[in-house]
Amino acid sequence: MAPVKVFGPAASTNVARVLVCLEEVGAEYELVDIDFPGKGHKRPEHLARNPFGQVPAFQDGDLILFESRAIAKYVLRKYKSEQVDLLRESNLEEAAMVDIWTEVEIHQYHPALSPIVLECFIYPTLRGLPTNQRIVDESLVKAKKVLEIYEAHLSKHKYLAGDFVSFADLNHFACTFYLMDATPYASLFNSYPHVKAWWEDLMSRPSMKKLGVHLCNPTRT
Amino acid sequence: MAPAVKVYGWAMSPFVARALLCLEEAGVDYELVPMSREAGDHRQPDFLARNPFGQVPVLEDGDLTIFESRAVARHVLRNHKPELLGSGSPESAAMVDVWLEVEAHQHQTPAGTIVMQCILTPFLGCKRDQAAIDENAAKLTKLFDVYEARLSASRYLAGDSLSLADLSHFPLMRYFMDTEYASLVEERPHVKAWWEELKVRPAAKRVTEFMPPNFGFGKTAEK
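Sequence lines, in order, name chains A and B.
Using UniProt numbering, the letters of the first sequence correspond one by one to residues 1 to 221.
Using UniProt numbering, the letters of the second sequence correspond one by one to residues 1 to 223.
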């Protein structure tokens, strides 16, 4: 069976989303360099894979996919086993919990945390722009409100969807990693002990340790 | 006997309507528990116990409490009409997921901004932000070009069968097509035909009854 292919840079949070799932299921894959710094994602060869000119794109034989969460779910279903079932789609209640907290990452968690990563790391490091501290401060207020809710939830459940690790937890990897590793605000989680314990548990997973290395070394855009 | 399924929210919200549309398509008996946005029902403790983020809709199905409209939609269809999630094969499920993500990440914000600016600002006593409208109209132009190409090659977004990827567009587009930017759809024959087919589905017509063009503000817009 030919390895599946992922197109895009490993340091992209959305590419990382797919890679962490591939690592979790132990799939064989090939990461294809599409010259992201040179705008390879906007050229016809990549647009044929992703009409929106974004990364990642994905190929499994004749099947071409885009949108990181769609790709990730395909991977998690294809390589599902007795030991590794990160979507729980044969259990209505568990699947619903996975879906809820996957949506929460998109609509609550990421919008609160990512401006901090952008202002403190991405813009200064990759674009030479100064940090807009007002945006950081506003985002910290939002982040605290979200983290309070996560703290209450993770006081009752070991992981976001229940007592099992799932796609919902994995979706939080890249954004949180950058906050912890590349901004001065890692200590934000200290006020939320269950959230901190959840994060440290996730980071002890081999998949996250392996991919964290790539996130530390982003290419210039 | 009271329905086992309850939806909490105000039905003119495109997010609540997404949940209702799926229930209607699946033929599931449900009760809509009305809430008042103006009265701040979504910020009350009993609602926060259902959704700590204080947003509508919430669906209760027996012992399950589900929030986030796309999680609600997936649950309803997984339980009652999995073919609308492309359950037939891994490839078809993946294609439904792809175009659902496109709806969420490419369509919702620009279409929602235009609806907010063109329809809601008069009711809220704000002025239109034409720069925001123009920026988002440009994004939608590119988006609908992609949809036109896609729908020229396949009958529905995810393939030859209707799916949640198509249905998920309906609630916001119901309002968007009342704005002058409807021309972006009208000018693209395959997107137009796709929209025309969606809006005459009995389920779509049913939820549209709860979605008045004035968003339930009731009075005429302030000038």
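Ideal Cβ placement from N, Cα and C applies to all residues, glycine included.
Since residue i meets chain A, which of its residues come closer than 8 Å, beta carbon to beta carbon?
i	result
residue 235 (chain B)	Outside the displayed span of chain B (1 to 223) sits residue 235 (chain B), for which this structure offers no information.
Ala93 (chain B)	Lys73, Tyr74, Arg77
Pro52 (chain B)	Ile149, Ala152, His153
Asp46 (chain B)	Within 8 Å Cβ-Cβ: nothing; Asp46 (chain B) doesn't reach chain A, min ~16 Å.
Quick check: what's the CA-CA separation for residue i versus residue j?
i	j	result
Thr121 (chain B)	Phe210 (chain B)	21 Å
Met173 (chain B)	His190 (chain B)	15 Å
Val200 (chain B)	Gly27 (chain B)	16 Å
Lys5 (chain A)	Val146 (chain B)	24 Å
Ile106 (chain A)	Ser68 (chain A)	12 Å
Asn91 (chain A)	Asp85 (chain A)	11 Å
Val213 (chain A)	Asp33 (chain A)	17 Å
Leu77 (chain B)	Glu196 (chain B)	23 Å
Ala96 (chain A)	Ser81 (chain A)	20 Å
Ser36 (chain B)	Val58 (chain B)	14 Å
Phe7 (chain A)	Pro51 (chain A)	14 Å
Ala112 (chain A)	Glu151 (chain A)	15 Å
Leu184 (chain B)	Thr109 (chain B)	16 Å
Val207 (chain B)	Lys192 (chain B)	20 Å
His169 (chain B)	Glu24 (chain A)	32 Å
Tyr192 (chain A)	Lys144 (chain A)	9 Å
Asp99 (chain A)	Leu147 (chain A)	19 Å
Ile71 (chain A)	Leu188 (chain A)	31 Å
Val5 (chain B)	His46 (chain A)	44 Å
Phe217 (chain B)	Asp61 (chain B)	30 Å
Ala17 (chain B)	Tyr156 (chain B)	21 Å
Glu222 (chain B)	Pro213 (chain B)	Confidence is the limiting factor: at Glu222 (chain B) the pLDDT is only 44, short of 50, which leaves the residue's position unreliable, though a coordinate-based value still follows. The alpha-carbon atoms of Glu222 (chain B) and Pro213 (chain B) are separated by roughly 15 Å.
Ile135 (chain A)	Leu124 (chain B)	26 Å
Glu64 (chain A)	Ser161 (chain B)	The sequence shown places Ile at residue 64 (chain A), not Glu. Approximately 18 Å, taken between the alpha carbons.
Within 10 angstroms of its Cβ, does residue i collect 16 or more other Cβ (buried), or is it exposed?
i	result
Arg88 (chain A)	buried
Leu23 (chain B)	buried
Val141 (chain A)	exposed
Gln117 (chain B)	buried
Lys73 (chain A)	buried
Thr125 (chain A)	exposed
Arg49 (chain A)	buried
Gly40 (chain B)	exposed
Val33 (chain B)	exposed
Gln130 (chain B)	exposed
Thr102 (chain A)	buried
Thr183 (chain A)	buried
Asn190 (chain A)	exposed
Asp169 (chain A)	buried
Leu154 (chain A)	buried
Ile54 (chain A)	According to the sequence shown, residue 54 (chain A) is Gln rather than Ile. Label assigned to Gln54 (chain A): buried.
Leu129 (chain A)	exposed
Ser163 (chain B)	buried
Gly61 (chain A)	exposed
Ser139 (chain A)	buried
Ser152 (chain B)	exposed
Pro206 (chain A)	exposed
Gln108 (chain A)	buried
Cys21 (chain A)	buried
At 7 Å on the CB atoms, spell out the chain B contacts of residue i, in chain order.
i	result
Glu93 (chain A)	Leu64
Glu103 (chain A)	Glu68, Arg70, Ala71
Can you name the residues of chain A whose CB is closer than 7 Å to the CB of residue i?
i	result
Glu101 (chain B)	Glu67, Arg69, Ala70
Asn79 (chain B)	Leu92
Asp160 (chain B)	Residues of chain A passing the Cβ test: none, with the nearest at roughly 16 Å.
Val98 (chain B)	Leu65, Phe66, Glu67, Ala70
What does residue i reach in chain A if we use C-beta pairs closer than 9 Å?
i	result
Arg74 (chain B)	Ala95, Ala96, Asp99
Arg155 (chain B)	Correct list: empty, because the minimum Cβ distance to chain A is about 18 Å.
Asp29 (chain B)	Ordered by position in chain A, no residue passes the 9 Å Cβ test against Asp29 (chain B), which lies about 17 Å from the chain.
Val146 (chain B)	Pro51, Phe52
Asp129 (chain B)	Those do not exist, as Asp129 (chain B) stays about 19 Å from chain A at its closest Cβ, beyond 9 Å.
Along chain B, which residues have their Cβ under 8 Å away from the Cβ of residue i?
i	result
Leu63 (chain A)	Glu91, Ala94
Gln108 (chain A)	Phe53
What are the start and end residues of each continuous alpha helix (DSSP H) run of 4 or more residues lying completely inside the UniProt domain "GST C-terminal" (91-221) of chain A, in chain order?
Listed in chain order, the complete alpha helix (DSSP H) runs (minimum 4 residues) inside the UniProt domain "GST C-terminal" (91-221) of chain A are 92-104, 110-117, 123-127, 133-156, 167-170, 173-182, 193-203, 206-215.
Is the region 40-47 of chain B touching the region 96-105 of chain B, taking contact as three or more C-beta pairs under 8 Å? No, they do not touch.
Can you give, in chain order, each stretch of the beta strand (DSSP E) that sits fully within the UniProt domain "GST N-terminal" (2-83) of chain A and has at least 3 residues? For the UniProt domain "GST N-terminal" (2-83) of chain A, whole beta strand (DSSP E) runs of length 3 or above, ordered along the chain, are 4-7, 29-32, 57-60, 63-66.
Report yes or no: do three or more beta-carbon pairs, one from the region 48-67 of chain B and one from the region 101-118 of chain B, lie closer than 8 Å? The region 48-67 of chain B vs the region 101-118 of chain B: no contact.
Between the region 194-212 of chain A and the region 110-120 of chain A, do three or more beta carbon pairs fall short of 8 Å? Under the 8 Å Cβ criterion, the region 194-212 of chain A does not count as touching the region 110-120 of chain A, having fewer than three qualifying pairs.
For the region 134-151 of chain B against the region 69-89 of chain B, are there 3 or more C-beta pairs whose distance is under 8 Å?
No: the two stretches stay apart, fewer than three of their Cβ pairs being nearer than 8 Å.
Fill in: alpha helix (DSSP H) runs contained entirely in the region 23-89 of chain B, provided each spans 4 or more residues
For the region 23-89 of chain B, whole alpha helix (DSSP H) runs of length 4 or above, ordered along the chain, are 45-48, 69-80.
- Task: Could I get the ranges of all uninterrupted beta strand (DSSP E) runs contained in the UniProt domain "GST C-terminal" (89-215) of chain B, with 3 residues as the minimum, in chain order?
- Result: Counting whole runs of 3 or more residues, the UniProt domain "GST C-terminal" (89-215) of chain B contains no beta strand (DSSP E) stretch at all.
**OP:** Could you tell me whether the region 13-21 of chain A touches the region 167-178 of chain A, where touching means 3 or more Cβ pairs closer than 8 Å?
**Re:** Yes: the two stretches touch, three or more of their Cβ pairs being nearer than 8 Å.
Measuring CB atoms only, is the region 62-78 of chain B touching the region 36-43 of chain A, in the sense that at least three cross pairs come out at less than 8 Å? Three or more Cβ pairs closer than 8 Å define a contact, and the region 62-78 of chain B falls short of that threshold against the region 36-43 of chain A.
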